[in-house]
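What follows is a short report on a single structure.
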Amino acid sequence: MSAHGQPVPMHARRAGPLRGQADVPGDKSISHRSLILGALSVGETRITGLLEGQDVLDTAAAMAAFGAQVENHGGGSWSVHGVGVGGFAEPSQVIDCGNSGTGVRLVMGAMATTPVTASFTGDASLNKRPMGRVTDPLALFGARAYGREGGRLPMTLVGAAEPVPVTYRLPVASAQVKSAVLLAGLNAPGETVVIERVPTRDHTERMLAGFGAEIETVERPAEDGQGSEHVITLRGRPELRAQDIAVPRDPSSAAFPVCAALITEGSDVLVPNIGLNPTRAGLFTTLQEMGADLTFENMREEGGEPVADLRARYSPDMKGIAVPPARAASMIDEYPILSVVASFAEGETVMDGVEELRVKECDRIDAMARGLEACGVRIEEGPARMVVHGMGPGGVPGGATAATRLDHRIAMSFLCLGMAARQPVAVDDAGPVVTSFPIFETLMRDLGADLRRGGADAGGQGA
1 MSAHGQPVPM HARRAGPLRG QADVPGDKSI SHRSLILGAL SVGETRITGL
51 LEGQDVLDTA AAMAAFGAQV ENHGGGSWSV HGVGVGGFAE PSQVIDCGNS
101 GTGVRLVMGA MATTPVTASF TGDASLNKRP MGRVTDPLAL FGARAYGREG
151 GRLPMTLVGA AEPVPVTYRL PVASAQVKSA VLLAGLNAPG ETVVIERVPT
201 RDHTERMLAG FGAEIETVER PAEDGQGSEH VITLRGRPEL RAQDIAVPRD
251 PSSAAFPVCA ALITEGSDVL VPNIGLNPTR AGLFTTLQEM GADLTFENMR
301 EEGGEPVADL RARYSPDMKG IAVPPARAAS MIDEYPILSV VASFAEGETV
351 MDGVEELRVK ECDRIDAMAR GLEACGVRIE EGPARMVVHG MGPGGVPGGA
401 TAATRLDHRI AMSFLCLGMA ARQPVAVDDA GPVVTSFPIF ETLMRDLGAD
451 LRRGGADAGG QGA
């Protein structure tokens with residue numbers, strides 16, 4: 001079943017080339033943070049280009065529940081009249097974060113050092129995901145969490161009445177956890193410090209600085225003498241100032257038309273205005289290393305973030321590579337679609353250091369492995385790795401139905417696979433796509449994809 005309704009079966013089949021311009025939605029990570037930081041600021045924050053997917057809409061509703069005045073002016077234009085750091089009011093109802101792990105974890109961080117109590121829930125997928133990785137460090141500030149066994153939603157979080165500053169070393173690379181700790185640190189006295197061994201997406205740090213917080217990131221030798229680590233220091237209790245924010249377009253959404261073009265014969269697709277923050281652009285680097293015809297045009301900077309237009313052309317000469325594990329944090333959401341591209345490359349594509357995929361909206365390693373196997377692709381997997389044995393251009397049989405497991409990226413990845421496989425590929429439920437890329441179906445059809453509602457008539461084994 002979809003995140004917010006009945007299942008929406010869909011299938012894709014090989015058609016003509018994909019051609020044209022793909023105007024993908026605004027960046028989801030920046031959209032979430034724009035709403036939250038706007039709510040924690042003094043004055044009116046105006047946002048253009050906000051992603052109006054369900055995940056972000058749920059975060060907007062959460063900010064309103066905590067007392068901010070959130071208005072939708074249409075066409076991706078929004079405003080948030082903030083309540084200031086420490087100004088959250090106690091919500092009168094349960095906060096429903098739908099399918100969004102980012103939303104619930106960041107909102108928990110933002111409220112954890114204010115003396116209010118809030119209860120959180122989500123859809124069936126989100127309620128299975130572990131929250132202890134966030135509630136454990138929030139407890140160091142003085143917050144208390146009461147949830148289901150295993151630290152899962154539904155959960156009630158009691159904010160700290162007298163928060164204390166925290167120094168926290170991330171046990172695993174996670175921008176969500178880092179961001180939750182930094183947001184909690186806003187209303188704690190003194191300095192809150194986060195130490196990360198592997199750099200993760202840094203939108204929170206950039207945006208906090210833009211809103212007026214005192215925040216500094218330094219690189220230093222790691223304590224164990226192996227490599228380096230990043231130390232992020234935030235001074236608590238600033239007065240954040242409202243901002244005008246133009247949200248760049250989402251590189252994670254851009255990945256789907258880009259990758260579909262690379263594997264679909266004759267394709268040439270331009271995806272304009274894509275954010276290329278170096279902590280998010282690992283997929284595009286990896287594709288170029290594989291031999292993809294992917295170019296960056298009109299490089300520029302907007303709102304402190306690097307931006308460019310991406311052009312992707314059909315690339316029949318791609319080769320499998322070993323993706324450096326250190327790159328995982330910069331492309332963790334893109335491994336599902338990368339595994340699809342790898343299926344059409346020559347040789348093995350090895351993805352190590354991807355244990356985070358096991359605890360996303362679903363176990364993405366298992367979901368992709370089972371679906372690709374059903375489509376005729378040979379896969380090896382381990383707790384933190386996946387190896388795809390490529391079948392070359394046009395070599396994937398297809399002809400199967402993949403289980404999306406309420407995961408939007410799994411659904412879109414297999415639909416892209418169907419655009420280049422020999423037989424149609426279906427997904428049991430494309431409904432969750434609305435959480436991050438509500439125009440995916442229309443956009444891909446406009447480029448020339450044969451994408452249809454309902455199951456494919458090709459038969460095949462379920463994944």
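No gaps in the numbering here: position 463 of the sequence shown is 463 in UniProt numbering, and each next residue is one more.
C-beta atoms are modelled at their ideal positions from N, C-alpha and C, and glycine is treated no differently.
In this text the structure is predicted, and so the values were computed from the model without any measurement.
Beta-bridge partners of Leu270 (DSSP): Gln21, Arg311.
A residue is called buried when at least 16 other Cβ atoms come within 10 angstroms of its Cβ; Tyr168 meets this threshold and is buried. Taking C-beta separations shorter than 8 Å and ignoring five residues to either side along the sequence, the partners of Thr117 in its chain run Glu90, Thr156, Leu157, Val158, Gly159, following chain order. Burial of Asp27 is indicated by the presence of at least 16 other C-beta atoms within 10 angstroms of its C-beta. No Cβ-Cβ contact shorter than 8 Å links Ala400 with Met419. A contact is defined here as three or more CB-CB pairs under 8 Å, and the segment 184 to 191 meets this definition with respect to the segment 237 to 253. A check of alpha carbon separations from Arg313 across Pro306, Ala292, Ala222 identifies Ala292 as the nearest. With fewer than 16 other Cβ atoms from the protein chains shown falling within 10 Å of its own Cβ, Met299 counts as exposed. The Cβ atoms of Phe141 and Ala161 lie no closer than 8 Å to each other.
Residue environment: Arg148 is assigned as exposed (fewer than 16 neighbouring CB atoms within 10 Å of its CB, all protein chains considered). DSSP places Asp352 in the uninterrupted beta strand (DSSP E) bounded by 346 to 352.
Excluding residues up to 5 positions away in sequence, Gly82, Arg241, Ala242 lie with their Cβ nearer than 7 Å to the Cβ of Gly43 in the same chain. Between Leu170 and Glu205, the CB-CB gap reaches or exceeds 8 Å. The Cβ atoms of Cys362 and Ile439 do not sit closer than 8 Å to each other. If you draw a 10 Å sphere on the C-beta of Pro251, you find 16 or more other C-beta atoms in it, and that means buried.
The beta carbon of Thr200 sits closer than 7 Å to those of Ala173, Ser174, Ala175, Lys178, Thr279, Ala329, all from its chain and outside the five residues before and after it, given in chain order. Contact between Thr349 and Gly320 holds, since their C-beta atoms are separated by about 4 Å, short of 8 Å. Distance from the CA atom of Ser125 to the CA atom of Pro154, rounded to whole angstroms, is 12 Å. Comparing alpha-carbon positions, the option among Arg311, Gly353, Gly304 lying closest to Ala326 turns out to be Gly353. Contact between the segment 260 to 277 and the segment 2 to 22 is present: three or more C-beta pairs spanning the two stretches fall below 8 Å. Around Leu208, the same chain offers Ile215 as residues with beta carbons nearer than 6 Å, after the five sequence neighbours per side are excluded.
Between the segment 33 to 43 and the segment 279 to 288, the count of Cβ pairs shorter than 8 Å is below three; the stretches do not touch. Boundaries of the alpha helix (DSSP H) harbouring Val177: 175 to 185, taken from the DSSP string. In this structure Pro383 is exposed. Its beta-carbon is surrounded by fewer than 16 other beta-carbon atoms within 10 angstroms. A straight line joining the alpha-carbon of Thr435 with that of Pro393 spans about 31 Å. One Cα belongs to Tyr335, the other to Cys259, and the distance between them is close to 11 Å.
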